[in-house]
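Quick note: the sequence shown uses full-length UniProt numbering, first residue 1, plus one each step.
Beta carbons: idealized from backbone N, C-alpha and C, even for Gly.
In this text the structure is predicted, and so the values were computed from the model without any measurement.
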Amino acid sequence: MTFPPLPSRGSPTAAEIARLEAQLAELEPLVLTHAPQAAGRAAAVVALARSCGDRRAEGQALCLYGAALFFQSSYEEAAARFREAHALGQQLPDAALQARALNGLGNVASLLGDYAGSLEAFYESARIARESGDEQGSARVMNNIALLQTESGEYQEALNTHLQVLETATRIGDPLLISSARANAVADYHALGDYGRSLALAEDYLLAVGASGLRQHEVVVRAFRARNLLELGRVEQAIAASLEALPIAEEIAEYEHTYHLLLTLGRAHAVQGDPRQATALLTRALTLAGERGMRPQQSAAHQQLADLYEAQGELSAALRHLRAYHALDRELHAEAVDRKTRVLTAQFQVETLKREAEMERLRSLQLAQDNTALRQDRQLLAHRAAHDTLTGLPNRAHFQAEVERALGEREAGRVAVLFIDLDGFKAVNDTLGHEAGDELLRQVGARLRGRVRRDDLVGRLGGDEFTVLLNHLQEAADAQAVGRKLLEELARPFEVRGQPVTVTASIGVAVAPQDGTDVATLQRHADQAMYRAKHSGKNAVHAFQGGAGATLHNARGHTDSEGE
């Protein structure tokens with residue numbers, strides 16, 4: 001919807017200003033309770049403000065209109081409204097309006113995958129809000145910057161930032177921002193793999209949400225509640241929670257979490273052994289993601305459907321979805337590489353803003369919040385140095401540091417290191433070429449990540465060598481069980497450049513404390529066990545045991561206790 005320019009009729013009257021302020025006050029919470037209704041009312045307020053000549057009210061209504069469209073996943077239309085609001089803010093000038101419009105544009109850019117553009121919009125919004133003393137606007141931007149930290153995998157930093165926003169919002173008495181920060185903290189704990197904490201926080205939130213009526217936040221929290229229940233193995237409760245939340249999400253047109261609820265239901269029915277219902281739900285999720293242009297979600301739905309069809313023995317359908325998943329994954333990976341380059345440029349611009357801010361010695365609390373975000377930028381640069389550029393997995397130095405950290409905290413359970421060496425990788429390089437080999441390594445890394453828990457770690461040492469850190473194991477045998485699952489996963493054919501490729505792996509296992517209490521010893525013992533697996537026939541898991549003639553555990557589909 002576009003708004004044609006109206007002839008200027010002078011300043012609005014006091015009665016008109018009061019009427020517009022009342023309508024804007026009613027509209028603000030409506031955006032989070034019923035986005036489609038809010039969009040219609042916002043359009044009417046924009047038209048009224050234009051007819052009255054109240055340009056500030058027009059800009060505020062445009063921001064709320066953009067937010068209502070955003071929550072319906074109408075991202076291009078939302079961006080248009082935010083750009084109109086930003087232009088008005090520059091013309092007036094109105095710093096608070098500019099900051100809010102830029103914040104909205106940052107949200108849109110983030111959801112469209114333009115993280116560099118999102119960072120630029122957020123930090124410009126933060127700068128304007130900070131310099132104008134707009135503490136509420138600054139907190140609102142930091143709330144969204146934390147979502148970018150989540151997108152980059154820095155979940156703990158995102159949680160810390162959201163908790164800071166919650167503290168600020170509570171101090172200044174902003175109920176909408178309080179609700180948003182609490183909902184985001186639920187998502188952060190889920191991303192960290194702390195499903196119990198995320199579930200408890202979600203249920204605490206839902207006890208109070210009925211009084212607030214903020215239905216968009218309610219849908220987000222309900223969706224994560226269902227996902228947490230499924231991750232905790234409470235399948236029946238996950239289904240009930242999803243079915244309870246789904247009509248609300250559909251009513252307010254919250255498409256992203258409608259998708260997640262459908263995916264959760266599909267996964268839950270698959271666990272219950274109901275493939276027909278699971279297929280229907282996962283297909284609905286895939287269709288919704290396609291209609292709304294949510295490509296990462298499309299990729300995940302294709303992967304779930306591929307696994308489901310494979311489990312049913314419908315290999316043609318499984319292959320179709322697996323190919324679609326890999327095609328999307330390749331596209332997303334290529335875009336991610338380009339995005340990282342643009343993010344790096346934005347980060348250097350942010351560092352310049354930081355130096356200017358320090359020279360001016362800004363007086364407000366927002367300076368401390370911005371510094372937190374800027375420190376995160378440096379950590380993002382460090383992230384690049386700590387990860388393998390081909391697969392995106394932690395490199396040797398990062399992996400060893402994480403093993404050392406885990407060994408220092410292993411009172412919560414045993415820690416294991418798995419050393420994985422691919423069998424037959426050289427033949428792939430020799431026959432299909434090094435680019436195909438690189439693609440295979442990326443797919444291997446993705447499969448390994450997908451078969452371990454969120455708090456475990458997969459790394460690449462170089463070549464065709466991978467490592468896995470398993471935390472909080474109850475028994476040493478659990479590490480071998482994980483190794484068997486990884487063998488099964490890697491034994492499934494890969495598709496590389498349109499050709500099926502089959503490789504296997506030799507896996508060595510070392511468990512602390514019995515196989516070593518320091519990084520070097522554990523890795524050396526896992527390496528020795530891997531070589532025993534490779535030299536005894538490959539495609540096996542061997543656990544290290546010290547001493548001559550040591551007993552080895554061989555996992556070609558079973559575990560045996562005979563000595564070699």
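- Taking the C-beta atoms as reference points, Ala-416 is found nearer than 7 Å to Val-511.
- Counting along the chain, Glu-495 sits inside the beta strand (DSSP E) bounded by residues 494-496.
- Inter-residue distance for Ser-125 and Gly-133 is about 12 Å (C-alpha atoms, whole angstroms).
- Assignment of Gly-413 by DSSP, reduced to helix, strand and coil, places it in the coil class.
- Under DSSP, Asp-174 shares a beta bridge with no residue.
- In this structure, DSSP gives Gly-89 a helical state, which the three-state scheme calls helix.
- The continuous stretches of beta strand (DSSP E) do not include Thr-391, and DSSP gives it neither H nor E.
- Comparing alpha-carbon positions, the option among Thr-170, Leu-64 and Ala-49 lying closest to Leu-30 turns out to be Leu-64.
- Bounds of any alpha helix (DSSP H) do not take in Ala-253, whose DSSP letter is neither H nor E.
- In this structure Thr-150 is buried. Its beta-carbon is surrounded by 16 or more other beta-carbon atoms within 10 angstroms.
- Using a C-beta cut-off of 8 Å, the region 224-232 makes contact with the region 256-271, since at least three inter-stretch Cβ pairs fall below that distance.
- Per DSSP, reduced to three states, the secondary structure at Val-46 is helical.
- Contact check between the region 76-96 and the region 45-60: three or more CB pairs, one atom from each, fall below 8 Å, which counts as touching.
- DSSP places Gln-499 in the strand class (E or B) of the three-state scheme.
- Only exposed fits Thr-431, as fewer than 16 other CB atoms lie within 10 angstroms of its CB.
- Annotated three-state conformation of Thr-467 is strand, per DSSP.
- Going by DSSP, Ser-118 is part of the alpha helix (DSSP H) stretching over 115-131.
- For the 7 Å CB-CB criterion, Ala-289 and Tyr-259 form a contact.
- The C-beta separation of Leu-69 from Ala-47 comes to about 16 Å, leaving the pair out of contact by the 8 Å criterion.
- Its chain contains Pro-493 and Phe-494 as the residues whose beta carbon lies nearer than 8 Å to that of Pro-500, once the 5 sequence neighbours on both sides are disregarded; these appear in chain order.
- Looking only at Glu-435, Ala-311 and Val-509, the smallest Cα-Cα distance to Gly-546 is reached by Val-509.
- The beta carbon of Leu-322 lies closer than 6 Å to those of Ala-306 in the same chain, with the five residues before and after it left out.
- With fewer than 16 other Cβ atoms inside 10 Å of its own Cβ, Pro-36 counts as exposed.
- Sorting Ala-477, Leu-390, Glu-465 and Ala-278 by C-alpha distance to the C-alpha of Met-530 places Glu-465 at the top.
- Just so you know, the alpha carbons of Ile-172 and Gly-137 end up roughly 11 Å apart.
- Nearest in C-alpha terms to Arg-414, of all of His-86, Asp-438, Leu-473 and Thr-168, is Leu-473.
- Fully enclosed alpha helix (DSSP H) runs of no fewer than 4 residues occupy 195-212 and 215-231 of the region 186-240, in order along the chain.
- With respect to the 7 Å criterion, Phe-122 and Gly-104 are not classified as neighbours on the basis of their beta carbons.
- Only exposed fits Gly-273, as fewer than 16 other CB atoms lie within 10 angstroms of its CB.
- Arg-453 and Val-108 have their C-alpha atoms some 31 Å from each other.
- By the Cβ neighbour-count rule, Ser-179 is buried, with 16 or more other Cβ atoms within 10 Å of its own.
- Asp-518 and Ala-85 have their alpha carbons spaced roughly 58 Å apart.
- Judged by DSSP in its simplified three-state form, Asp-515 adopts coil rather than helix or strand.
- Only residues of its own chain outside the window of five on either side were considered, and among them Val-186, Tyr-189, His-190, Phe-224 and Asn-228 have a CB closer than 7 Å to the CB of Ser-198, listed in chain order.
- Under the three-state reduction of DSSP, His-472 is assigned to strand.
- Runs of alpha helix (DSSP H) with 4 or more residues, each lying fully within the region 421-471, are found at 425-432 and 434-450, listed in chain order.
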